[in-house]
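**Student:** One structure follows; several queries about it will come next.
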Amino acid sequence: AQKVTQAQTEISVVEKEDVTLDCVYETRDTTYYLFWYKQPPSGELVFLIRRNSFDEQNEISGRYSWNFQKSTSSFNFTITASQVVDSAVYFCALSPDNFGNEKLTFGTGTRLTIIP
Amino acid sequence: SAVISQKPSRDICQRGTSLTIQCQVDSQVTMMFWYRQQPGQSLTLIATANQGSEATYESGFVIDKFPISRPNLTFSTLTVSNMSPEDSSIYLCSVTGTGVEGWDYGYTFGSGTRLTVV
């Protein structure tokens, strides 16, 4: 069975501060995919990143960066110089590496509030 | 990636009635999934919509309550039947598909249907 844990239920930071959202996962699959999604108040799910379990390189995209550590089963997400528009619920998710034929397992989400 | 049109975007329904949600994709996709997100909660898979056959339901979800159709590779519907206030949730359609270079390992989501049952 697959499981994703996002221990931080809510985080509040002042604008321009850096913030890291934690994600720990459990799976028995040898290969798998990890994802992060953003859900703003409007409700849609915005795709941020997917990472194959073979690829442990960290990734940076503008103010966003992701740290994947297979040894600790973690896939953490950092926002640098946070902005009010970053306020949203962020979900970490996991799927088996089966060509998209299986469901995503979501964590419980972290509600991030950026204080102006 | 695929573009999904999900309708309606929101609705307020009376207890005991049914609502059908549509998910239209702009290209053929392999898999279509339906998720439920109860207020303040994470996303839970209701079922996998199978083209031309009965959907595959997750534990806790039954066909009588959530009938699903998928007549072709670009369209699916989810019906929420005999609604009660506990059905008030966001319902999301999700798809995966094969691009030009093969499966792109992406899960695309519709914009969701925000349902309130009164």
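Line by line, the protein sequences give chains A and B. Mapping the first sequence onto our numbering, position 68 (from 1) lands on 68, and the numbers just tick up by one. Mapping the second sequence onto our numbering, position 44 (from 1) lands on 160, and the numbers just tick up by one. We put the CB at the ideal spot given by N, CA and C, even for glycine. All values derive from a computational prediction rather than experimental measurement.
1. Mind pulling the chain A residues with CB within less than 7 Å of I162 of chain B?
2. Give the straight-line distance between the Cα atoms of G218 of chain B and E26 of chain A, rounded to the nearest whole angstrom.
3. For G109 of chain A and C92 of chain A, I'd like the C-alpha separation in whole angstroms.
4. Where does T9 of chain A fall in DSSP's three states?
5. Evaluate the contact criterion for the region 7 to 14 of chain A versus the region 182 to 200 of chain B: three or more CB pairs, one atom per stretch, below 8 Å.
6. Which residue from B:P187, B:S158, B:N188 puts its Cα closest to that of L208 of chain B?
7. Counting contacts by CB-CB distance shorter than 9 Å, is F75 of chain A in contact with chain B?
8. Looking only at its chain, what residues have a beta carbon closer than 7 Å to the beta carbon of S87 of chain A, apart from the 5 residues adjacent to it on each side?
9. Can you grab the Cα-Cα spacing for the pair T30 of chain A / N166 of chain B, in whole Å?
10. Whole angstroms is fine: what's the gap from W150 of chain B's alpha carbon to T164 of chain B's?
11. Exposed or buried, Q130 of chain B, counting other C-beta atoms within 10 Å across all chains shown (16 or more means buried)?
12. Checking 9 Å against the spacing of the C-beta atoms, do P96 of chain A and Y37 of chain A come in under that value?
13. Answer with yes or no whether the minimum CB distance from K103 of chain A to chain B is below 9 Å.
14. Can you look up E174 of chain B in the DSSP assignment and give me helix, strand or coil?
15. Can you tell me which of the three DSSP states K38 of chain A falls into?
16. Who are the near neighbours of Q140 of chain B in its chain, counting only those whose CB is closer than 6 Å to its CB and skipping five residues on each side?
17. Less than 6 Å between C-beta atoms, sequence neighbours within five positions excluded: which residues of the same chain meet that for S65 of chain A?
18. Note down, in chain order, all residues in the region 18 to 51 of chain A with a beta-carbon under 9 Å from any beta-carbon belonging to chain B.
19. What are the residues of the region 145 to 158 of chain B that lie near chain A, defined by any Cβ-Cβ distance shorter than 7 Å?
20. Does the CB of G228 of chain B have a neighbour CB from chain A at under 9 Å?
21. Short of 7 Å in beta carbon distance, which residues of its chain neighbour V233 of chain B, apart from the five on each side in sequence? Order them along the chain.
22. Whose Cβ in chain B lies nearer than 7 Å to the Cβ of F106 of chain A?
23. Please report how far the alpha carbon of S53 of chain A lies from the alpha carbon of S73 of chain A, in whole angstroms.
24. State the start and end residues of the unbroken beta strand (DSSP E) segment that holds Q167 of chain B.
**Tutor:** Reading off the structure:
1. What I162 of chain B touches in chain A: nothing, since even the nearest Cβ is about 10 Å away.
2. Confidence is the limiting factor: at G218 of chain B the pLDDT is only 49, short of 50, which leaves the residue's position unreliable, though a coordinate-based value still follows. Computed Cα separation, rounded: 27 Å.
3. 7 Å
4. coil
5. no
6. B:S158
7. no
8. L112, T113, I114
9. 27 Å
10. 6 Å
11. exposed
12. no
13. yes
14. coil
15. strand
16. S121, F191
17. T78
18. Y33, F35, Y37, Q39, S42, G43, E44, L45, V46, F47, R50
19. T146, M147, F149, S158
20. yes
21. C129, R131, M199, S200, P201, D203, S204
22. S158, L159
23. 10 Å
24. Note, Q167 of chain B: premise wrong, no beta strand (DSSP E); not H, not E.
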